[in-house]
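Undergrad: From first to last, the protein sequence lines are chains C, D and S. Just so we're on the same page, this note's numbering is the position in the first sequence counted from 1, plus 3. Just so we're on the same page, this note's numbering is the position in the second sequence counted from 1, plus 33. Just so we're on the same page, this note's numbering is the position in the third sequence counted from 1, plus 1. Backbone N, C-alpha and C fix where the C-beta goes; we use that ideal spot for every residue, glycine too. Let me begin by handing over the structure; questions about it come next.
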Amino acid sequence: MSKTAIIIGGGVAGMETAGQLNRLGIEVVLIEKQASLGGHLKNWDRLFPDRRESQEVFDYLEKGMNDGISLYLNATISDIREAGGKFTVILEDGRELSSDALVLATGYDLFDARKKEEYGFGIYDNVITSAELEEFFRNNKQKNLFEGVQSKRVGIVHCVGSRDEKVGNLYCSKLCCVTGVKQAIEIRELMPDAEIFCFYMDLRMFDRHFEEMYYEAQEKWGIRFIRGRLSEAAENPDHTILVKVEDTLTGLPLKMKVDLLILLVGFVPSPETKRLAGMLGLKEGDDRFLCPSDEHLLPNSTDHPGVFLAGTLKGPASIAATIVDARAAALQVAEYLVNGER
Amino acid sequence: MTFNLFVLPFILGLIFLVVVLVKKNRQWIRLMSTDDRKKLKGWYRSPKILLALKEIFFESLLHRKMFRRNPLLGYMHMSFAFGWFLLILFGNMESRIYSGLWVNPPYYPIFLKFFIHDKHVLPFEIFTVPGFFRFSMDLLLMFVLSGLVLAIIKRSRSKWFGLTKTTQHHFTDKVAITCLWLIFPMRLLAECMTAGAYGYGGGFITQHVGNVLAFLWPLNDKSIAYGFWWFYSLSLGIFFVTLPYSRYMHIPTEVMLIIYRNFGIKAGKEQSPIHEIEIQSCPKCGVCIDICQMNTAAGINDIQAVYFLQSVRNQQVIDGLVNRCLVCGRCEEVCPVGIHTDNQRISQRNSFVQLQKQDYSYLNHEADPQKAELIYFAGCMSHLTPAIPRAMTKILDAAGVNYLFLDEDRSVCCGRPMMLAGKLKQAEELIERNKKSITGSGAKTLVTSCPICYRVFREEYGLDIRVLHHTQYLLELIKKGKLPLQTYFRKVAYHDPCDLGRGSGILNEPRELVRKIADPVAVRDEAKDAPCCGGSLGLLNADRHERDLITKEALANYLDKDAELLVTACPLCKKTFAKHSPLEVVDVAELVAAAIPKVEKETGELVN
Amino acid sequence: MKSFGYTITKDRQIDYDANDRRLIEYVEGIEPSIRICMECGSCSATCTAGHFTDFSIRRLHTLLQRGETLHLRKEIEKCMLCGKCQLVCPRGVNLRNLILIIHQALDKLHHDL
Chain C
4 MSKTAIIIGG GVAGMETAGQ LNRLGIEVVL IEKQASLGGH LKNWDRLFPD
54 RRESQEVFDY LEKGMNDGIS LYLNATISDI REAGGKFTVI LEDGRELSSD
104 ALVLATGYDL FDARKKEEYG FGIYDNVITS AELEEFFRNN KQKNLFEGVQ
154 SKRVGIVHCV GSRDEKVGNL YCSKLCCVTG VKQAIEIREL MPDAEIFCFY
204 MDLRMFDRHF EEMYYEAQEK WGIRFIRGRL SEAAENPDHT ILVKVEDTLT
254 GLPLKMKVDL LILLVGFVPS PETKRLAGML GLKEGDDRFL CPSDEHLLPN
304 STDHPGVFLA GTLKGPASIA ATIVDARAAA LQVAEYLVNG ER
Chain D
34 MTFNLFVLPF ILGLIFLVVV LVKKNRQWIR LMSTDDRKKL KGWYRSPKIL
84 LALKEIFFES LLHRKMFRRN PLLGYMHMSF AFGWFLLILF GNMESRIYSG
134 LWVNPPYYPI FLKFFIHDKH VLPFEIFTVP GFFRFSMDLL LMFVLSGLVL
184 AIIKRSRSKW FGLTKTTQHH FTDKVAITCL WLIFPMRLLA ECMTAGAYGY
234 GGGFITQHVG NVLAFLWPLN DKSIAYGFWW FYSLSLGIFF VTLPYSRYMH
284 IPTEVMLIIY RNFGIKAGKE QSPIHEIEIQ SCPKCGVCID ICQMNTAAGI
334 NDIQAVYFLQ SVRNQQVIDG LVNRCLVCGR CEEVCPVGIH TDNQRISQRN
384 SFVQLQKQDY SYLNHEADPQ KAELIYFAGC MSHLTPAIPR AMTKILDAAG
434 VNYLFLDEDR SVCCGRPMML AGKLKQAEEL IERNKKSITG SGAKTLVTSC
484 PICYRVFREE YGLDIRVLHH TQYLLELIKK GKLPLQTYFR KVAYHDPCDL
534 GRGSGILNEP RELVRKIADP VAVRDEAKDA PCCGGSLGLL NADRHERDLI
584 TKEALANYLD KDAELLVTAC PLCKKTFAKH SPLEVVDVAE LVAAAIPKVE
634 KETGELVN
Chain S
2 MKSFGYTITK DRQIDYDAND RRLIEYVEGI EPSIRICMEC GSCSATCTAG
52 HFTDFSIRRL HTLLQRGETL HLRKEIEKCM LCGKCQLVCP RGVNLRNLIL
102 IIHQALDKLH HDL
């Protein structure tokens, strides 16, 4: 008799875990609270570092969603019960689904930039987030964004909602740096005569090809980097934005007028993850992301037998890393279903 | 007139106490500023003295304020103070019946039952004049003793009184408290034994207890009773001698404090004799420990006003104790004696930093600022909450006000943060420089969004123009019909900022504003009892974890209701709460701005 | 350090071994939060006094860490203690207290600074 796994969350991690498990011959149920699969991936235009279309990655993931996977869209979980090693997931509409293992792949939320009120998001017209810029790119609306702009100076702010005790997030979101550099290049491609500035504290180009991208951004695209964290932004009567920052490398305060300010918003744990973790008694770290039972050796297991974690509910991760993590999760689930708890 | 040697300790103690108190009081008056001394001139002719007497009756004797905060503690203090007072009063009246004189030596009523053994008055005979007094005196003694029982319980079981931690005592305090606790039991025993030995002359309690004692202990005679009269007199005498050097100095000092206060003499930010008077008036009741958020939220329970004042009194002030305080004013609000705890802290901080210099010569407002009817001063914190000044400029434009946004480009500090750190001289310099730029514009009104600035503008700037917090000004605009408002109906919880509510008494204006546009929910601690958000600039040395705990505790005051929005009227509160609040936090000005209907440019019609 | 009526601050190296670190040790002892600075500069960017003068609390703090205390007394005299620096600090450094403690340290250690 074949075993069943329920995957909660239909983003990159959930889709890849589901596809892998299904290919390993395990019956898979995939629950997604939204109307379609893909999660945040559907909002991105092109991916760093090679700027391939995000659609390509989605297409790959979607191919894995064959008939062996029972898909529940628009489904919110109201309760999870466990008896004799079997899990019963109860949906809000009363349907009950049961399985031998559970995989949480509920992902992350983007930091709400309004919480950083001094940057003026939601108050000033020309302050947008990196996620909004992706949407513009994806819907080919970027032209509207720069309409009527004369000098075309763009500021990109790193670490918005990350490495910031004042919003309660001390951790680094890791991927904003590379996203900022990617978006800077993309803006440059659209507006060859624009001046583009990245305001950073440290450029964390940690992964393969990231540092080269930074190099290229400087050498080929003329992107400028100012080391200093924005303290605040103000709106001028002409709706340009005045940013205030210390140019820490010269040791002098610097103010600059920009036509568009882009806030690189970081990862925050999603409330839905917290809710489900509460039902299952899973532990969260000081950063409020979930903790696996062993960060080095069992990165996808939890202290709760039969419950596994995949993807960014454990903290910020790139799409490439999420896919690797999802496969590792699938393997751990498969091993558990075959051999039981080790 | 009767006399006995045993009254000497009492008499000598009393004389000593009176001399010390008179000297001390003269010293205080001598050290007062000329202005303060002037206020006291002709005090005996002033009606203020009657108000003072009324307050002394209600606060020093009845302990009304303490009663309201903590009934059990209030009763304890009242039974001692009011009970003892009535014992003295009734004792004097009773003694006149027997001496037939209007003036008796002070020991005579105190030790009356030693000198007089009235055979003709029976213990329960309360409808004759002497019988009524005899009965009352016993009853009053019981009243005082009931307070003593509570005091003893409080020492070991402070939790029963709702106190998390009771105050610590030093040596003189211990001697004084021992004597104080002995006085009334000694009196009881002396009177009982005397009544028992004679077989008459006691009241309904003293006589019957005395009879039982005489029955149980046949050896009891007048000489043993005499011993107890000595003990009684000794405990009184020693208590009087130690009183000026112990916490019980608060009893006479509070009386003087009330008088001075009624004549308009108050503890300011700089040291003065009234500071010492206030410190001496602290009864160490501990109400300030329970109200303090540093204690309830962060578990820091050794820095509260009572400990701080004690350290000043013992001249053992340390920086930690002075600086670790929100200066939120909550303890000042509940202090039954009315000690200005905030100014006490600031004045101590001031004496720590007196030598330090500041240099603000760079603040040269040479160019005359533009002329306007009204100055809008957002305050430096508002630069970090741009939604607030944004809402204000929108409103001012909509109402067609001719205004100057004084700190639009660069923020200038108002000087209050400097004051809270105790740097009064330095703050003064800052204030002088800022005043020039305010008066230069010829404006008649100054409106600010920041309660911190508002308070210092009002209290320290001495401006001859109107100074308003934006909540006051916005309400005025609405009442004058200059702002059309649509109801923007949402359930909101309003948080009173410390410097606006408790600090400046602006409680109604923001509430009235909120009521005009939203649906306010009731919150547990509000108005003058509202918690501090935890962002206070008065707290000089807390770490971020302690601040977080205070903020979270304060938020809980607003979150357990069905509010959808948390509304405040201070950029610092807004910023501080926003970090932890699951609800959106907005300023009252933002609510008002959102309620202004949009005007369609072409048609001039209102649209929602 | 000897001063001959004038000082040259440019183009000189920090002589870490020769520098007097008593001041920073005193300050750190009372306000340990100053260790957690990541030199982002938001404090000096928002600084009220920094708009009018070249006062930079971040630079001052970094120099102090290296034992560089030249002009320190004059520098801190410009601070208005408004607390905005503390309100934007992403690490939660108690910057206002830093200024107060430096004042205190200068008084206590009688530095000829």
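#1: Give me the chain C residues within the contact set of D:K612, using Cβ-Cβ distance strictly less than 7 Å, ordered along the chain.
#2: Heavy atom of the ligand NAP less than 8 Å from the Cβ of C:V341, yes or no?
#3: In the DSSP assignment, find the unbroken alpha helix (DSSP H) run with D:Q258 in it and report its ends.
#4: Taking only beta carbons into account, state which residues of the segment 552-582 of chain D come closer than 7 Å to chain S, listed in chain order.
#5: Once the 5 residues before and after D:G448 are set aside, which same chain residues still bring their CB inside 6 Å of it?
#6: Less than 9 Å separating the beta-carbons of D:F261 and D:M289?
#7: Kindly indicate if chain C contains any beta-carbon less than 9 Å away from that of S:M81.
#8: Considering only C-alpha positions, which residue in the set C:L340, C:R227, C:E275 is nearest to C:I34?
#9: Give me, in chain order, the residues of the same chain whose beta-carbon lies closer than 8 Å to that of D:C565; leave out the 5 immediate sequence neighbours on both sides.
#10: Look up D:V556 in the DSSP assignment and say whether it is helix, strand or coil.
#11: Just how far apart, CA to CA, sit C:E168 and D:S569?
#12: Any Cβ of chain C within less than 9 Å of the Cβ of D:T601?
#13: Got a sec: which bits of the segment 26-59 of chain S sit with their beta carbon under 7 Å from any beta carbon on chain C, in order along the chain?
#14: Tell me which residue opens and which closes the alpha helix (DSSP H) that C:E138 is part of.
#15: Could you tell me which residues DSSP pairs with D:T478 in its beta bridges?
#16: List the residues that DSSP assigns as beta-bridge partners of D:K524.
#17: Kindly indicate which residue of D:P553, D:V162, D:T275, D:R101 has the alpha-carbon position closest to the one of D:R523.
#18: With 9 Å set as the bound, which would you pick, yes or no: does the beta-carbon of S:M2 sit closer than that to a beta-carbon of chain D?
#19: Go ahead and pull the three-state DSSP assignment for D:L639.
#20: Can you give me the Cβ contacts of D:V547 inside the same chain, cut-off strictly under 8 Å, excluding the 5 residues immediately before and after it?
#21: Taking the beta carbon of C:V246 as the centre, do at least 16 other beta carbons fall within 10 Å, making it buried, or is it exposed?
#22: Report the option in D:V55, D:M126, D:T504 whose CA atom is closest to the CA atom of D:R544.
#23: On the three-state DSSP scale, how would you describe D:M111?
#24: Considering only the alpha carbon of each residue, which of C:K144, C:L264, C:G343 lies closest to C:D128?
#25: Just mark D:S256 as buried or exposed, buried being the case when its beta carbon has 16 or more other beta carbons within 10 Å.
#26: Give the interface partners of S:L92 over in chain C, defined as CB-CB distance under 7 Å, in chain order.
#27: Who are the Cβ neighbours of D:L396 in its own chain at under 6 Å, not counting the five residues just before and after it?
#28: Mapping DSSP to helix, strand and coil, what is S:V89?
#29: At a CB distance below 7 Å, what residues from the segment 242-261 of chain C approach chain S? Give them in sequence order.
#30: Less than 9 Å between the C-beta atoms of C:T109 and C:R330, yes or no?
#31: Looking at the secondary structure, which residues open and close the alpha helix (DSSP H) in which D:L86 lies?
#32: Taking C-beta pairs closer than 8 Å, name the residues in chain C that D:T426 reaches, listed in chain order.
#33: Would a check of beta-carbon distances place D:L94 closer than 9 Å to chain C?
#34: Can you check the segment 578-616 of chain D for any beta strand (DSSP E) of at least 3 residues that lies completely inside it and give the ranges in chain order?
#35: If contact means a Cβ-Cβ distance below 7 Å, which residues of the segment 192-207 of chain C contact chain S?
#36: For C:P272, which beta-bridge partners are listed by DSSP?
TA: Looking at the atomic coordinates:
#1: Taking the second sequence and counting its residues from 1, one reaches residue 612 of chain D at position 579. Within chain C, the residues near D:K612 are K169, V170, G171.
#2: Only the bare structure without any ligand can be found here, which leaves the ligand NAP out of the picture.
#3: Locating residue 258 of chain D in the second sequence gives position 225, counting from the first residue. Per the sequence shown, the amino acid found at residue 258 of chain D is Ala instead of Gln. It spans 255-275 - the alpha helix (DSSP H) in which D:A258 sits, taken as one unbroken run.
#4: For the segment 552-582 of chain D, which is checked against every Cβ of chain S, the residues closer than 7 Å are L570, L573, N574, D576, R577.
#5: Walking along the second sequence from the start, residue 448 of chain D turns up at place 415. Here D:G448 has A460, L463, I464, V489 as same chain residues with Cβ atoms under 6 Å from its own Cβ, once five neighbours each way along the sequence are excluded.
#6: Reading the second sequence from its first residue, position 228 is the one you call residue 261 of chain D. Reading the second sequence from its first residue, position 256 is the one you call residue 289 of chain D. Contact: no.
#7: Within the third sequence, numbered from 1, the residue matching residue 81 of chain S stands at position 80. So, not an interface residue.
#8: As a position in the first sequence, residue 34 of chain C is number 31, starting the count at 1. Answer by Cα proximity: C:E275.
#9: Stepping through the second sequence from its first residue, residue 565 of chain D is reached at position 532. Cβ neighbours of D:C565 beyond the five flanking positions: Q326, L359, C361, R363, C531, I583, A587.
#10: For the purposes of this step, residue 556 of chain D is taken as residue 523 along the second sequence, with counting starting at 1. Three-state result, D:V556: coil.
#11: The residue given as residue 168 of chain C occupies position 165 in the first sequence. The residue given as residue 569 of chain D occupies position 536 in the second sequence. Taking the straight line from one Cα to the other gives about 17 Å.
#12: Taking the second sequence and counting its residues from 1, one reaches residue 601 of chain D at position 568. False, the Cβ-Cβ gap to chain C never drops below 9 Å.
#13: Of all residues in the segment 26-59 of chain S, M39, E40, C41, G42, S43, S45, A46, T47, G51, S57, R59 have a Cβ within less than 7 Å of some Cβ in chain C.
#14: For the purposes of this step, residue 138 of chain C is identified with residue 135 of the first sequence, where counting begins at 1. Where C:E138 is concerned, the enclosing alpha helix (DSSP H) stretches over 133-141.
#15: Start at 1 with the first residue of the second sequence, and residue 478 of chain D comes out as number 445. Beta-bridge pairing links D:T478 to D:L407, D:R499.
#16: Indexing the second sequence from 1 puts residue 524 of chain D at position 491. BP columns for D:K524 point to D:D552.
#17: The residue given as residue 523 of chain D occupies position 490 in the second sequence. When each option's Cα is compared against that of D:R523, the closest is D:P553.
#18: Within the third sequence, residue 2 of chain S is the residue found at index 1, counting from 1. Note that S:M2 has pLDDT 45, beneath the 50 cutoff, so the model's placement of it is unreliable and the number below is only indicative. By this cut-off, S:M2 is not an interface position.
#19: In the second sequence, the residue the question calls residue 639 of chain D occupies position 606. Any reading at D:L639 must be qualified, since the residue scores a pLDDT of 47, below 50, and its modelled position is unreliable; no value is offered.
#20: Taking the first residue of the second sequence as 1, we reach residue 547 of chain D at position 514. For D:V547, the CB contacts under 8 Å within the same chain, skipping 5 residues up- and downstream, are V525, Y527, P553, V600, V621, L624 in chain order.
#21: Counting from one through the first sequence, the residue named residue 246 of chain C turns up at place 243. The residue is buried, with at least 16 neighbouring Cβ atoms inside 10 Å.
#22: Counting from one through the second sequence, the residue named residue 544 of chain D turns up at place 511. Among D:V55, D:M126, D:T504, the Cα nearest to that of D:R544 is on D:T504.
#23: Translated into positions along the second sequence, residue 111 of chain D becomes position 78. In the structure shown, D:M111 sits in a helix (DSSP, three-state: H, G or I).
#24: Reading the first sequence from its first residue, position 125 is the one you call residue 128 of chain C. Of the listed residues, the one whose Cα sits closest to C:D128 is C:L264.
#25: Counting from 1 along the second sequence, the entry for residue 256 of chain D is found at position 223. Counting Cβ neighbours within 10 Å, D:S256 comes out exposed, since fewer than 16 surround it.
#26: In the third sequence, counting from the first residue as 1, residue 92 of chain S sits at position 91. The question names Leu, but residue 92 of chain S in the sequence shown is Arg. E168, listed in chain order.
#27: The residue labelled residue 396 of chain D in the question sits at position 363 within the second sequence. R466, listed in sequence order.
#28: As a position in the third sequence, residue 89 of chain S is number 88, starting the count at 1. In this structure, S:V89 counts as helix in the three-state DSSP scheme.
#29: Those residues of the segment 242-261 of chain C that come within reach of chain S (Cβ to Cβ, closer than 7 Å) are K247, V248, E249, T251, G254, P256.
#30: Translated into positions along the first sequence, residue 109 of chain C becomes position 106. Translated into positions along the first sequence, residue 330 of chain C becomes position 327. No Cβ-Cβ contact shorter than 9 Å links C:T109 with C:R330.
#31: Working through the second sequence from its first residue, we reach residue 86 of chain D at position 53. 81-88 is the extent of the alpha helix (DSSP H) around D:L86.
#32: One-based indexing of the second sequence puts residue 426 of chain D at position 393. What D:T426 touches in chain C: nothing, since even the nearest Cβ is about 11 Å away.
#33: In the second sequence, the residue the question calls residue 94 of chain D occupies position 61. At least 9 Å separates the CB of D:L94 from every CB of chain C.
#34: Along the length of the segment 578-616 of chain D, whole beta strand (DSSP E) runs at least 3 residues long occupy 598-601, reported in chain order.
#35: Of all residues in the segment 192-207 of chain C, only M204 come within less than 7 Å of chain S when Cβ atoms are compared, listed by chain position.
#36: On the first sequence, position 269 is the one that residue 272 of chain C refers to. C:P272 pairs with C:Y111.
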